[in-house]
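The sequence shown lines up with residues 391 to 835 when you count with my numbering.
Where is the CB? At the ideal position from N, CA and C, for every residue including glycine.
Below: one structure, written as structure tokens.
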Amino acid sequence: MVLLSVLTAFVLLAEASVATLVGRSWEASWWTWHILMTIAFALVAYGVLVEYSREGSSRSLFRAIALDETLERIRHDYASALDVLVGAIQTGDEASVERTAAGLADRFALSDAQVQLLAQAANALGHERERIRRLRALAAIGSEVSVIRTEADVVARAGEHLRAGFAPDEVTIELDPNATAPAGAVAVPLYVKGHPAGLVSVRRAGAGAEYDGALLATLAGQLSVAVENARMYRELDRLFRQYVSPDVATALLADPSQAALGGEEREVTVLFADLQQFTAFSERHEPTEVVQMLNHYFGLIVPIFLDEGGTVTHFIGDALMVLFNAPIRQRAHALAAARAALTVSRVIADVVVDHPEWPQIRIGINSGAALIGNIGGEDVRSFTAIGDAVNLASRLESLAPPGQIVIGERTRVLLGADATVEPLGTVEVKGKNEPVATYRLVAVH
391 MVLLSVLTAF
401 VLLAEASVAT
411 LVGRSWEASW
421 WTWHILMTIA
431 FALVAYGVLV
441 EYSREGSSRS
451 LFRAIALDET
461 LERIRHDYAS
471 ALDVLVGAIQ
481 TGDEASVERT
491 AAGLADRFAL
501 SDAQVQLLAQ
511 AANALGHERE
521 RIRRLRALAA
531 IGSEVSVIRT
541 EADVVARAGE
551 HLRAGFAPDE
561 VTIELDPNAT
571 APAGAVAVPL
581 YVKGHPAGLV
591 SVRRAGAGAE
601 YDGALLATLA
611 GQLSVAVENA
621 RMYRELDRLF
631 RQYVSPDVAT
641 ALLADPSQAA
651 LGGEEREVTV
661 LFADLQQFTA
671 FSERHEPTEV
681 VQMLNHYFGL
691 IVPIFLDEGG
701 TVTHFIGDAL
711 MVLFNAPIRQ
721 RAHALAAARA
731 ALTVSRVIAD
741 VVVDHPEWPQ
751 IRIGINSGAA
761 LIGNIGGEDV
771 RSFTAIGDAV
781 NLASRLESLA
791 PPGQIVIGER
801 TRVLLGADAT
811 VEPLGTVEVK
821 GKNEPVATYR
831 LVAVH
């Protein structure tokens with residue numbers, strides 16, 4: 391509206407000038423000129439009034455008169471100048487920021503005080519951006535402290551965050567209590583349980599302010615906690631697997647809900663083994679000698695069972711119980727148990743050659759349905775199998791001669807043509823109403 395009023399006023403002023411020049415009567419021309427001038431200014435005033443009532447502000451009254459191209463060029467110049475300044479800030483080089491500020495001073499005719507203030511503000515903004523990146527890196531590391539990882543994974547993940555947060559500086563993490571910081575680097579030590587465990591060093595890629603000591607100390611503290619958690623988990627895992635069969639430990643770590651009391655019914659193959667005449671051996675030897683013998687035997691045979699996928703559930707004096715197809719499922723669990731039993735029998739026979747006074751081993755194997763799961767209380771529980779098939783395996787083991795392996799009917803059926811067996815006939819077994827068929831395991835194919 392204002393622009394239209396101004397244009398109309400210029401037209402009227404032009405007419406007034408023409409009327410003055412070509413008018414024949416001076417008095418008439420004089421009145422004509424004044425009337426047209428009054429109308430022109432009235433139109434401008436009316437346009438201003440309408441624009442003010444519409445916008446509610448005097449700031450935009452004459453906005454339409456300005457050239458849009460000029461405003462756009464000014465905006466572009468300022469935007470490009472800010473882009474150049476932001477680029478200099480992102481380099482982290484104060485000298486580059488000062489040179490950029492000086493160039494902007496020449497371009498926009500800034501005073502020395504304005505240039506100095508601009509450079510200081512830019513440097514402060516750059517330092518703040520750098521601090522924010524570092525704090526984000528520390529926050530990322532802190533969020534992972536509670537996650538259990540290996541030491542190598544801790545170092546790798548922390549290195550990724552630190553390289554992103556401290557770029558373009560050089561960050562080094564060393565898990566070596568005797569590590570030394572590279573030349574020109576700022577270093578903070580890592581401690582685990584009060585003892586030196588490593589070093590974190592940061593070397594600046596360019597000139598700049600010194601690092602915040604509190605920031606680096608926080609970084610070292612978070613990394614120390616992460617490394618300590620990793621080592622603690624590794625030690626707990628090692629101890630846990632020594633007291634629980636590895637398959638059971640793996641299953642519980644993968645799904646802790648499997649530690650609940652109770653279980654499921656499943657066909658399993660159960661193996662019992664003990665040492666013939668162990669009581670007589672214990673009477674003739676000191677307890678330390680008995681323990682040494684047992685540890686030697688178990689140290690040889692337990693890995694054999696584990697290699698075949700067996701789960702060692704119990705050590706009962708000189709005896710042990712091994713499950714196959716639980717908790718990890720095995721398609722040929724009877725065959726795996728038979729292979730393990732034959733290997734154990736040969737290994738123990740070789741040991742007895744060197745130690746004739748040591749007792750020989752006997753093994754019983756049976757297959758059938760059993761309830762597998764956890765039994766015990768809320769504080770202490772163990773993984774086991776319960777059922778008639780388990781009881782029969784124990785009875786078969788007590789019937790086996792020294793160095794022999796006795797299996798039940800269901801195990802023989804599962805083995806089929808994969809094994810050579812010799813019938814031992816039927817025997818009366820405690821707890822069974824009918825005699826049970828037994829077989830001696832000779833070999834597997």
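Nearest neighbour of residue i, chosen from the options [CA to CA]
i    : options                : result
E655 : G763, P746, P749       : G763
A716 : L613, A809, T640       : T640
A779 : A807, V742, V658       : V658
V817 : V811, R802, L786, V803 : L786
L665 : G754, G700, D744, T810 : G754
I691 : V592, D708, E676       : D708
G652 : T608, P579, G767, V834 : G767
I765 : S757, G758, T774       : T774
G584 : S772, G815, A610, R593 : A610
L761 : D769, I776, A730       : I776
A569 : E560, V590, H745, P791 : V590
R674 : E747, R593, Y581, L710 : E747
E618 : P813, Y687, V592, V544 : V544
L814 : L804, I751, I797       : I797
R800 : S788, Q794, A783       : A783
S772 : A650, L732, R830       : A650
I738 : H686, L565, Q667       : H686
I718 : S735, V734, D697       : D697
I694 : Y623, S735, L684       : S735
Y829 : Q794, Q750, F714       : Q794
V826 : A807, E550, N781       : N781
A807 : L831, H745, A759       : L831
L606 : V582, A575, A730       : A575
A604 : L732, V578, E812, S672 : V578
V811 : L732, A435, V615       : L732
A548 : V615, L713, E824, R721 : V615
A809 : V681, A730, I425, E824 : A730
L713 : R752, Q682, N756, N823 : N756
A663 : P749, Q682, H745       : P749
A573 : S672, T562, G758, V702 : T562
Local conformation of residue i per DSSP, three classes
i    : result
G707 : coil
L786 : helix
G598 : Low confidence applies here, because G598 scores a pLDDT of 46, under 50, leaving its location unreliable; read the following figure in that light. G598: coil per DSSP, three-state reduction.
R656 : strand
N568 : coil
V819 : coil
V392 : Caution is warranted here: a pLDDT of 49 is assigned to V392, below 50, making its placement in the model unreliable, and the coordinate value is therefore given only provisionally. The answer is helix: DSSP assigns V392 an H, G or I state.
P825 : coil
E812 : strand
A435 : helix
R830 : strand
T562 : strand
A548 : helix
A663 : strand
I795 : strand
Range of the contiguous alpha helix (DSSP H) that encloses residue i
i    : result
T801 : 799-805
L589 : Note, L589: premise wrong, no alpha helix (DSSP H); beta strand (DSSP E) at 585-593.
A724 : 723-744
H675 : It is not in any alpha helix (DSSP H) - H675 carries neither H nor E in the DSSP assignment.
Cβ neighbour criterion (16 or more within 10 Å) applied to residue i
i    : result
F705 : exposed
E625 : exposed
Q612 : buried
G700 : buried
H723 : buried
E678 : Reading off the sequence, residue 678 comes out as Thr, not Glu. Exposed, since its Cβ has fewer than 16 Cβ neighbours within 10 Å.
S470 : exposed
V819 : buried
R802 : buried
A599 : Any reading at A599 is ruled out, since the residue's pLDDT is 45, under 50, leaving its predicted position unreliable.
T385 : Missing from the structure shown is residue 385; the chain here goes from 391 to 835 and no further.
V392 : Note that V392 scores a pLDDT of 49, beneath 50, so its modelled location is shaky; the value from the coordinates is reported in the next line. That one is buried.
T669 : exposed
A435 : exposed
Supposed contact pair residue j and residue i - C-beta distance, whole angstroms, cut 8 angstroms
i    : j    : result
R628 : E541 : Going by Cβ atoms, the distance from R628 to E541 rounds to 14 angstroms, so no, they are not a contact pair.
A587 : P567 : 6 angstroms
M711 : V660 : 7 angstroms
A728 : L805 : 6 angstroms
R593 : E560 : 4 angstroms
Range covered by the beta strand (DSSP E) that runs through residue i
i    : result
T774 : 771-776
A760 : 751-766
P579 : 576-582
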